[in-house]
Amino acid sequence: MTSTTPDSRHDSADLGDGDELLLPELVAHLRENRTQLRREWADRITGAHLLTAMTPQETFSEATSVYDNYVGVLETGSVEALQDYARDLSERIIPRGVETHEVIGIVLLLRDVLARSLFQKYHQDFTLLNRVLDAYEPAANRIANTVAVSFVQERERIIRQQQDSIRELSTPVLQVRERLLILPIIGVLDDQRAHQLTEQLLSGIRRHRAKVVVIDITGVPDLDADVANHLVQTVDASRLMGAGVIITGLSPKIAQTLVTIGVDLTKMNTVGDLQGGIEQAERQLGFRVGRTSSDDG
Amino acid sequence: MADPDPPPAEPLRVSILSQGSYLIASIHTALDDSQLLRFQHDLIHRIGTQRARGVIIDVAALDVLDSFASRTLRDIARMSRLRGAATVIVGIAPELAISMVRLGLHLDLPTALDLEEGLAHLSATTATPTPP
Chain A
1 MTSTTPDSRH DSADLGDGDE LLLPELVAHL RENRTQLRRE WADRITGAHL LTAMTPQETF
61 SEATSVYDNY VGVLETGSVE ALQDYARDLS ERIIPRGVET HEVIGIVLLL RDVLARSLFQ
121 KYHQDFTLLN RVLDAYEPAA NRIANTVAVS FVQERERIIR QQQDSIRELS TPVLQVRERL
181 LILPIIGVLD DQRAHQLTEQ LLSGIRRHRA KVVVIDITGV PDLDADVANH LVQTVDASRL
241 MGAGVIITGL SPKIAQTLVT IGVDLTKMNT VGDLQGGIEQ AERQLGFRVG RTSSDDG
Chain B
1001 MADPDPPPAE PLRVSILSQG SYLIASIHTA LDDSQLLRFQ HDLIHRIGTQ RARGVIIDVA
1061 ALDVLDSFAS RTLRDIARMS RLRGAATVIV GIAPELAISM VRLGLHLDLP TALDLEEGLA
1121 HLSATTATPT PP
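Sequences listed follow chains A and B, in order. Using the working numbering, you'd call the opening residue of the first sequence number 1 and step up by one each time. Using the working numbering, you'd call the opening residue of the second sequence number 1001 and step up by one each time.
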């Protein structure tokens, strides 16, 4: 490896007389041998079992545009176009299940294929080869860096987006009767979600003027001590706002956990399942529900 | 109740209205400790003079309630009980409810969503002893 910094534009200017002509010469060489090098690269990709989620045709067409972008960056020294392309590429291939290591792997393979070809061309003149690699390596590393960063950024953007949508979906507060709310909780209740749940519940109590709330945790696989205590606090806070809380659907595992860790449940009103909870809430609110037509009526 | 006649320094930032046999006290802004004690003093006196059977304390304007304030509210409720009136706290905002449970302040008092609910609660708990 060279000891130069990754900024190719400055390095090539520092290399001395005639060296600024090296990159254009190199680019011309890569353009000339485009078909052969691209084929070699695509073979190496297949050989390394990368991009298995894509068809050979797709791999080949992406390889073509990556190759052209790559050479373009070597020529201009500007990574912006490549950044846009890499982001666009990531957007297309991430949903297909392409992994980070594959993307980085193919870019590194291309770097190696091109370096090999340069070596072949210049191996007669060792000094010249050295200068060519001095010009080539920083630019190639910068490209690999750019592609990897763009891919990871795109992936992080998708994760953030998904987190936001999960958060919005996760805690609906629903009115089932006048002054009766239900809160079905599905999935793992972490700290952040528990806080969000409390906020939404309390504002729901105010908005719907609720007197009874049924929190159903049938879909919650487990509770830790922090979240259990938070749940107790939520019940207390609802009480302060004038609404009683019924908790339903405690699994055997959660019941065991709560008793083992010693959460104070004396103030918790729990009922076996959601149906039982709603029935009790209806009794508290003075509703009487029955069939309109029954055989023994 | 050691001080029977506190100096009327500034107008109390609590209005105490009577509605039938109930007293409705609205706290408009955060009160300091001496104002709280003055409020307690005034309210307990009014229960006697108005022959109130219920007290509603509306804290909707408050966004914090410290331990002294919550203890004072609890004391007011106990004193009111001794003077024959039931107490209900109304209008606790979501943020206030969360901060109170986080601080571990237990009111141990009946609470209701708002004034209307408070009135409903009182008429349910202080049913007229001599119905016609």
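Just so it is clear, CB atoms sit at the ideal spot from N, CA and C, and this is done for glycine as well. Remember, predicted model here, so these are calculated numbers, not experimental data.
Buried/exposed call for Val235/A, threshold 16 Cβ in 10 Å: It is buried - the Cβ of Val235/A has at least 16 other Cβ atoms within 10 Å.
Mind checking whether Thr1072/B and Leu1036/B have CB atoms under 8 Å apart? With respect to the 8 Å criterion, Thr1072/B and Leu1036/B are classified as neighbours on the basis of their beta carbons.
Going along chain A in order, which residues have a C-beta closer than 7 Å to the C-beta of Val1101/B? The answer, in chain order, is Gln233, Asp236 and Ala237.
Three or more C-beta pairs below 8 Å linking the region 179-188 of chain A and the region 212-231 of chain A: The answer is yes - the region 212-231 of chain A touches the region 179-188 of chain A, with three or more Cβ pairs under 8 Å.
To the nearest angstrom, how far is it from the Cα of Gly1118/B to the Cα of Val1088/B? Using only the alpha carbons, I get a separation of about 6 Å.
Taking a contact to mean a Cβ-Cβ separation below 8 Å, would you say Ala1097/B touches Ala194/A in this structure? Ala194/A is positioned such that its CB atom lies no closer than 8 Å to that of Ala1097/B.
Look at Ile1094/B and Arg206/A and say whether their C-beta atoms are less than 8 Å apart. As written in the sequence, residue 1094/B is Pro, which differs from the Ile given in the question. In this structure, Arg206/A lies closer than 8 Å to Pro1094/B by Cβ.
Name, going along the chain, the residues of the region 183-200 of chain A whose beta-carbon falls closer than 8 Å to a beta-carbon of chain B. Of all residues in the region 183-200 of chain A, only Thr198 and Glu199 come within less than 8 Å of chain B when Cβ atoms are compared, listed by chain position.
For Arg179/A, count the other beta carbons within 10 Å of its own beta carbon; 16 or more makes it buried, fewer makes it exposed. Which is it? Around the beta carbon of Arg179/A, a 10 Å sphere encloses 16 or more other beta carbons of the protein chains shown; the residue is thus reported as buried.
Name, in chain order, the residues that DSSP records as bridge partners for Ser1018/B. Assignment of beta-bridge partners to Ser1018/B by DSSP yields Leu1023/B.
Three-state secondary structure (DSSP) at Arg177/A? When DSSP states are grouped into helix, strand and coil, Arg177/A belongs to the strand group.
Beta-carbon neighbours of Tyr1122/B, restricted to chain A and to distances below 8 Å: The sequence as given places Leu at residue 1122/B; Tyr does not occur at that position. None at all; the shortest Cβ gap to chain A is about 13 Å.
Give me the Cα-Cα distance between Leu181/A and Arg239/A, rounded to the nearest whole angstrom. The alpha-carbon separation between Leu181/A and Arg239/A amounts to approximately 14 Å.
Residue range of the unbroken alpha helix (DSSP H) whose run includes Ile106/A: Looking at the DSSP string, the run of the alpha helix (DSSP H) that includes Ile106/A is Thr100 to Tyr122.
Cross-chain neighbours of Met54/A in chain B, by beta carbon under 8 Å: Ordered by position in chain B, no residue passes the 8 Å Cβ test against Met54/A, which lies about 50 Å from the chain.
Give the residues of chain D in contact with Ile1098/B, contact being defined as C-beta atoms less than 8 Å apart. In the displayed structure, chain D is absent; the protein chains listed are A and B.
Would you say Gly242/A and Lys267/A are within 8 Å of each other, going by their C-beta atoms? Not in contact: Gly242/A and Lys267/A (Cβ atoms no closer than 8 Å).
Under 8 Å, Cβ to Cβ, is there at least one residue of chain A near Ile1092/B? Answer yes: the Cβ-Cβ gap between Ile1092/B and chain A drops below 8 Å somewhere.
Would DSSP call Ala1112/B helix, strand or coil? In this structure, DSSP gives Ala1112/B an extended state, which the three-state scheme calls strand.
Would you call the region 57-66 of chain A and the region 126-141 of chain A in contact, with 3 or more CB pairs under 8 Å? The region 57-66 of chain A is not in contact with the region 126-141 of chain A.
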